[in-house]
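First comes the structure, then the notes that go with it.
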Amino acid sequence: VGLFAGWMSKYDSISAASASDVQDRLSSLELRVQQQEDEIAVMKAALADVLRRLALSEDTAATGKKQTSTKGHNPLREAYSMSCIPNGSSGSRKPSHRDRDSSTVSVARKDTFSSAAKRHKDPVISQEGDYIKMFMRGRPITMFIPADVENYEDVRTELPPERLKLEWVYGYRGKDCRANVYLLPTGESVYFIASVVVLFNYEERTQRHYLGHTDSVKCLAVHPDKIRIATGQIAGVDKDGRPLQPHVRVWDSVSLSTLQVIGLGTFERGVGSLAFSKADSGTHLAVIDDCNDHMLTVWDWQKKSKIAEIKSTNEVVLVVEFHPTDANTIVTCGKSHIFFWTWAGTSLARKQGIFGKYEKPKFVQCLAFLNNGDILTGDSGGIMLIWSRSTVEPSPGKGPKGAYQISRQIKAHDGSVFTLCQMRNGTLLTGGGKDHKIILWDHDLNPERDIEVPDQYGTIRAVAEGKGEQFLVGTSRNFILRGTFNDGFQVEVQGHTDELWGLASHPFKDLFLTCAQDRQVCLWNSVDHSLEWTRLLDEHGHCADFHPSGAVVAIGTHSGKWYALDAETRDLVAIHTDGNEQLSVMRFSVDGTLLAVGSHDNFIYLHTVSEKGRKYTRCGKCIGHSSYITHLDWSPDNKFIMSNSGDYEILYWDIPNGCKYIRNRSECKDIDWTTYTCVLGYHVFGVWPEGSDGTDINALIRSHNRKVIALADDFCKVHLFQYPCARPKAPSHKYSAHSSHVTNVTFMHNDSHLVSTGGKDTSVMQWRLVEKTPSLVPSDSSLSLGEGLLHNSILRAAIPAVPLTPTPTEPAAPPTTTPAPPTVLDLTSDPTAAHCGGVALVTPPPTPTSPTTNGRQESSPETPPPPS
Numbered sequence: 010v011g012l013f014a015g016w017m018s019k020y021d022s023i024s025a026a027s028a029s030d031v032q033d034r035l036s037s038l039e040l041r042v043q044q045q046e047d048e049i050a051v052m053k054a055a056l057a058d059v060l061r062r063l064a065l066s067e068d069t070a071a072t073g074k075k076q077t078s079t080k081g082h083n084p085l086r087e088a089y090s091m092s093c094i095p096n097g098s099s100g101s102r103k104p105s106h107r108d109r110d111s112s113t114v115s116v117a118r119k120d121t122f123s124s125a126a127k128r129h130k131d132p133v134i135s136q137e138g139d140y141i142k143m144f145m146r147g148r149p150i151t152m153f154i155p156a157d158v159e160n161y162e163d164v165r166t167e168l169p170p171e172r173l174k175l176e177w178v179y180g181y182r183g184k185d186c187r188a189n190v191y192l193l194p195t196g197e198s199v200y201f202i203a204s205v206v207v208l209f210n211y212e213e214r215t216q217r218h219y220l221g222h223t224d225s226v227k228c229l230a231v232h233p234d235k236i237r238i239a240t241g242q243i244a245g246v247d248k249d250g251r252p253l254q255p256h257v258r259v260w261d262s263v264s265l266s267t268l269q270v271i272g273l274g275t276f277e278r279g280v281g282s283l284a285f286s287k288a289d290s291g292t293h294l295a296v297i298d299d300c301n302d303h304m305l306t307v308w309d310w311q312k313k314s315k316i317a318e319i320k321s322t323n324e325v326v327l328v329v330e331f332h333p334t335d336a337n338t339i340v341t342c343g344k345s346h347i348f349f350w351t352w353a354g355t356s357l358a359r360k361q362g363i364f365g366k367y368e369k370p371k372f373v374q375c376l377a378f379l380n381n382g383d384i385l386t387g388d389s390g391g392i393m394l395i396w397s398r399s400t401v402e403p404s405p406g407k408g409p410k411g412a413y414q415i416s417r418q419i420k421a422h423d424g425s426v427f428t429l430c431q432m433r434n435g436t437l438l439t440g441g442g443k444d445h446k447i448i449l450w451d452h453d454l455n456p457e458r459d460i461e462v463p464d465q466y467g468t469i470r471a472v473a474e475g476k477g478e479q480f481l482v483g484t485s486r487n488f489i490l491r492g493t494f495n496d497g498f499q500v501e502v503q504g505h506t507d508e509l510w511g512l513a514s515h516p517f518k519d520l521f522l523t524c525a526q527d528r529q530v531c532l533w534n535s536v537d538h539s540l541e542w543t544r545l546l547d548e549h550g551h552c553a554d555f556h557p558s559g560a561v562v563a564i565g566t567h568s569g570k571w572y573a574l575d576a577e578t579r580d581l582v583a584i585h586t587d588g589n590e591q592l593s594v595m596r597f598s599v600d601g602t603l604l605a606v607g608s609h610d611n612f613i614y615l616h617t618v619s620e621k622g623r624k625y626t627r628c629g630k631c632i633g634h635s636s637y638i639t640h641l642d643w644s645p646d647n648k649f650i651m652s653n654s655g656d657y658e659i660l661y662w663d664i665p666n667g668c669k670y671i672r673n674r675s676e677c678k679d680i681d682w683t684t685y686t687c688v689l690g691y692h693v694f695g696v697w698p699e700g701s702d703g704t705d706i707n708a709l710i711r712s713h714n715r716k717v718i719a720l721a722d723d724f725c726k727v728h729l730f731q732y733p734c735a736r737p738k739a740p741s742h743k744y745s746a747h748s749s750h751v752t753n754v755t756f757m758h759n760d761s762h763l764v765s766t767g768g769k770d771t772s773v774m775q776w777r778l779v780e781k782t783p784s785l786v787p788s789d790s791s792l793s794l795g796e797g798l799l800h801n802s803i804l805r806a807a808i809p810a811v812p813l814t815p816t817p818t819e820p821a822a823p824p825t826t827t828p829a830p831p832t833v834l835d836l837t838s839d840p841t842a843a844h845c846g847g848v849a850l851v852t853p854p855p856t857p858t859s860p861t862t863n864g865r866q867e868s869s870p871e872t873p874p875p876p877s
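When we follow the working numbering, the leftmost residue of the sequence shown carries the number 10, and every step to the right adds one.
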């Protein structure tokens, strides 16, 4: 017996040592696997960076060749916007076409073309052939044919050879979204605005754009491999009243190709939140529908199959997340609740979190997972709660065994805890609402450091880990900041926060100005895509125009007041009032000696201008329109004005003779107008779609070289027509990027670029004009990974990595400080930074064998590419 006992004791010790050794080996293997996964991510990022740089080099060489070769016969790599899918504005139709909200589902936007077309009459030409009559809502509009048109039947309007390529997107949607900024291993930050997902490399000042969505993007999730991305959009309607269904798109952030489109016909209002699974390497996707029942669905996204579906709650759901180590646990939280879901096959079982002795918050706004598997939540009371899984039999009434229960409470912020960001090293960042603070917490959740985001940027909406010690912050005033606890913040992205209408380009510099209902006036540089200055007005800005000298810009507001600002210093030069209603158009004469101001009180006010736009004296008023002024243009000799109104009128005015209304309109048929922004007239009437109700076109502009017309419509589209456009139903190139009515367009002074502004989507889009050549139009399927990487990637001029450092918003006084020198980052300190050297072989992430429509800019049926 003693011998047996000794043998058993020895066996136990050997077994214990063996078990210990196995555990150590398992831990070592797990660590090694994690290190290999990190190395693979870095290698993927390195490959992406190499391919992007190669493509940029090729594009630069092609551009250089273009400058020395014959026009129209040079290589130019380019891609089209997805224009085959109309973007519906997402707000109910109001009496005015300007009252749309892109954050809610569209119901009935306006009379559809199909119904309006029943009442539509085709344009008719007079028997004498001297005028054409078109009809708008049954009302005739007469346009006289110029004398140089010998036979109208010979007039042809074709597609212009010029195309548009989206080059830069100004703005970010932080006002009503959360957790929508992330840093990818490629060094690009990913975020969205309107229907565009932007990949922005803030060191190299480049952007790429995923353009697969058909309406406003509302949420974003990054796959565990850091390469694939899922984005969800809201519902909408197209111009014919057909619904644009909400869905999720899963796409490759390197090639910008769409891998899967999920949920068409399943989601009701829009995708509110989504998340990839983590424990099974991102095989599944959880989605919350923004419908009344806030349906929770789980998908095998690679197979496009819905595995499980259940109603979550009638209350608002803000977040859904998979547990990182327990593949069968999903967590959702929102208004006054947190739910722990057990997912098994096709079933989802819910357990509600019990707050017990702790105060129940109004909103559980964010959650994160600790290294030990516990769940951390942040709520509207500024509290963080740790939820731990129970492993013992609970007391009666305390919930079932295995349920999550609160184990610790931490007071984190004054006001709400709006976002939680788990760092790679196990520490935690939290973003507060009312206190504007970002706090760093150690592994034991003790506060280590904090920094306050300045009030001018708004409250915190998203926090993401950056390179090294840096972090990215998205705010409610649509800023993306990059900062550290030591050095503070610098602005990387910013834009407007309310509906945009005012837009003007500088007469000879690469600058353009925007103004909006947020009272901000912004001057942008179109070459380096930076903000020159911004100023806060007392009124909502609505329209603008530069004096021909470029020294002054005039800005009209909603109240009838208008301002003249120094274009260099943003100082106030003059302030005047014309009427007490909204001003819709400001237009300087060719020589800058007169300013015409169109108002919603049906009048056009005339002012004499002196001292290069610094002094104004009212000299007349054009009286005769029966509705509000919408557009106007000057003649080259400064003697005549052509104007349109909300009642579809085309009127002409003799300015030297007391702003006299010209009754015989045929006298003006041969005037070669200096600008062409009027949407009604012989040279442009072909842009109107059949059956239009007269509110479909918000703005129009002719290029300075008089070759093309750009148009902003009510269906989220930018169009490019040939000029003149004097045949009904003229063809156009159509481009999608906005998710609300496009309010304005303008060409830059040299016609190299077009700028468009969105309404409720608050975005500004900059497009490059290119001429397609038949020899270099690759089909979508022929694009290589490297070519796909280049699409929509624009290199900022001269490339010193100068950060965007706009002048802070000020109501007065010019800036007195210069931007700080660029921060030089040590990429080697970041394990996810992309390195270009030493890459021998990289296995790309698995993709479905038949990827769907590509997210790059594509041609549409209306805009076919030239044959290759």
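Glycine is no exception: its CB is placed at the ideal position from the N, C-alpha and C atoms. Keep in mind the model is a prediction, meaning the values are calculated, not measured.
Which of the three DSSP states is assigned to residue i in this structure?
| i | result |
| --- | --- |
| residue 211 | coil |
| residue 49 | helix |
| residue 55 | helix |
| residue 826 | Residue confidence is low: residue 826 scores 39 on pLDDT, short of 50, so the model does not pin down where it sits. No coordinate-derived value is stated. |
| residue 685 | coil |
| residue 657 | coil |
| residue 498 | strand |
| residue 176 | strand |
| residue 744 | strand |
| residue 300 | coil |
| residue 37 | helix |
| residue 695 | helix |
| residue 461 | strand |
| residue 345 | coil |
Classify residue i: buried if its beta carbon has 16 or more other beta carbons within 10 angstroms, exposed otherwise.
| i | result |
| --- | --- |
| residue 418 | exposed |
| residue 735 | buried |
| residue 465 | exposed |
| residue 210 | buried |
| residue 432 | exposed |
| residue 497 | exposed |
| residue 55 | buried |
| residue 511 | buried |
| residue 162 | exposed |
| residue 149 | exposed |
| residue 795 | Since pLDDT at residue 795 reaches only 33, below the 50 mark, its modelled position is unreliable, and no value is offered. |
| residue 130 | exposed |
| residue 5 | No statement about residue 5 is possible, as the shown extent of the chain runs from 10 to 877 and does not include it. |
Return yes when at least one heavy atom of the ligand COA lies under 7 Å from the C-beta of residue i, else no.
| i | result |
| --- | --- |
| residue 674 | Looking for the ligand COA in the displayed structure turns up nothing, as the structure carries no ligands at all. |
Nearest by alpha-carbon distance to residue i: which of the options is it?
| i | options | result |
| --- | --- | --- |
| residue 622 | 676, 578, 559, 633 | 559 |
| residue 357 | 337, 344, 200, 368 | 337 |
| residue 369 | 689, 776, 342 | 342 |
| residue 367 | 645, 184, 394, 574 | 394 |
| residue 545 | 561, 524, 535, 164 | 524 |
| residue 668 | 652, 574, 658 | 652 |
| residue 284 | 331, 599, 266, 137 | 331 |
Taking residue i as part of the beta strand (DSSP E), name the residues at either end of that continuous run.
| i | result |
| --- | --- |
| residue 651 | 649-654 |
| residue 418 | 413-420 |
| residue 781 | It is not in any beta strand (DSSP E) - residue 781 carries neither H nor E in the DSSP assignment. |
Notebook entry, point to check: Are at least three pairs of beta-carbons, each pair with one atom in the region 720-733 and one in the region 469-483, less than 8 Å apart?
Noted result: Counting Cβ pairs under 8 Å, fewer than three are found: no touch.
Next item on the list: Determine, using beta-carbon pairs with one atom in the region 241-250 and one in the region 513-521, whether at least three such pairs fall under 8 Å.
Entry: Contact between the region 241-250 and the region 513-521 is absent, with fewer than three C-beta pairs closer than 8 Å.
Note to self: Under 8 Å: do the region 188-208 and the region 150-169 share three or more Cβ pairs, one atom per stretch?
What the structure shows: Flag = no, the region 188-208 and the region 150-169 do not touch.
Check: Counting Cβ pairs, one atom from each stretch, are 3 or more of them under 8 Å apart for the region 663-678 and the region 705-713?
Finding: With the cut-off at 8 Å, the region 663-678 and the region 705-713 do not touch.
Note to self: Is it the case that the region 195-205 contacts the region 489-506, given that we only count it when at least three CB pairs across the two stretches are under 8 Å?
What the structure shows: Counting Cβ pairs under 8 Å, three or more are found: they touch.
Check: Is the region 600-614 touching the region 555-570 in the sense that three or more CB pairs, one from each, lie closer than 8 Å?
Finding: By the Cβ test, the region 555-570 is in contact with the region 600-614, since at least three Cβ pairs between them sit closer than 8 Å.
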